[in-house]
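**Student:** According to the working numbering, the sequence shown holds residues 237 to 371 in order.
Beta carbons are placed, not taken as given, at the ideal position from N, Cα and C, and that holds for glycine.
Just so we're clear, the structure is a prediction, and the values are computed from it rather than from any experiment.
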Amino acid sequence: MNEYQKKYQEQAIYQMSPAELLLLTYEEGIKCLKKAQYLLEEKKYETFDGNMDRATRIVRYLQQTLDMEQPVSGDLNRIYEYLLFDLSRVRAGRERRAEELPGMITILEELRDGFSGASKQASGTLPPRESRILV
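What follows is the structure in structure tokens.
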């Protein structure tokens with residue numbers, strides 16, 4: 237990646253809304269876990285460890301940025317604690333815990349999708365659930 241591309245990406249990030257940044261963070265976590273899963277299958281442990289480290293940092297970041305004044309934050313905190321626990325187990329056990337990775341990916345995908353829907357609803361691009369008329 238050349239310097240112009242890096243500057244463009246930085247500018248794009250600075251112009252994102254908080255919701256877009258949150259979704260991007262989830263996307264990066266999902267990408268790291270999918271890559272780690274592939275690397276584990278290929279027995280490329282050094283690169284696997286790097287992706288697991290990055291996924292762990294992302295989940296910790298998500299946990300640390302929770303606004304604990306919000307009612308949902310307690311539930312999210314427990315989910316992030318579970319993910320951090322599982323990430324450490326997978327990393328320590330490697331093959332014995334490889335089956336845990338798809339579940340963690342699913343959790344992050346569901347959280348991403350939930351926040352994406354909430355963001356669309358809050359911005360007015362998606363009607364509230366109660367007001368949708370099903371035909």
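Could you tell me whether the stretch 331-342 touches the stretch 244-264, using the rule of 3 or more Cβ pairs below 8 Å?
**Tutor:** Verdict: no, contact absent.
**Student:** For the alpha helix (DSSP H) holding S324, just list the boundary residues, first then last.
**Tutor:** Segment 309-329, the alpha helix (DSSP H) holding S324.
**Student:** In the DSSP assignment, find the unbroken alpha helix (DSSP H) run with R290 in it and report its ends.
**Tutor:** It spans 281-300 - the alpha helix (DSSP H) in which R290 sits, taken as one unbroken run.
**Student:** What is the residue span of the alpha helix (DSSP H) that A358 lies within?
**Tutor:** Start and end: 337-359.
**Student:** Going straight from the alpha carbon of C268 to that of G360, what length do you get?
**Tutor:** The straight-line gap from Cα to Cα measures roughly 31 Å.
**Student:** Could you check what DSSP says for Q241 in three-state terms: helix, strand or coil?
**Tutor:** If DSSP states are grouped into helix, strand and coil, Q241 belongs with the helices.
**Student:** Can you look up Q247 in the DSSP assignment and give me helix, strand or coil?
**Tutor:** Helix at Q247.
**Student:** Assuming contact is defined by CB atoms lying nearer than 9 Å, are L312 and L347 in contact in what I supplied?
**Tutor:** Yes, the pair counts as a contact, with Cβ atoms nearer than the cut-off.
**Student:** Let me confirm a value: M252 is counted as buried when at least 16 other C-beta atoms fall within 10 Å, else exposed. Which label applies?
**Tutor:** Flag for M252 reads exposed.
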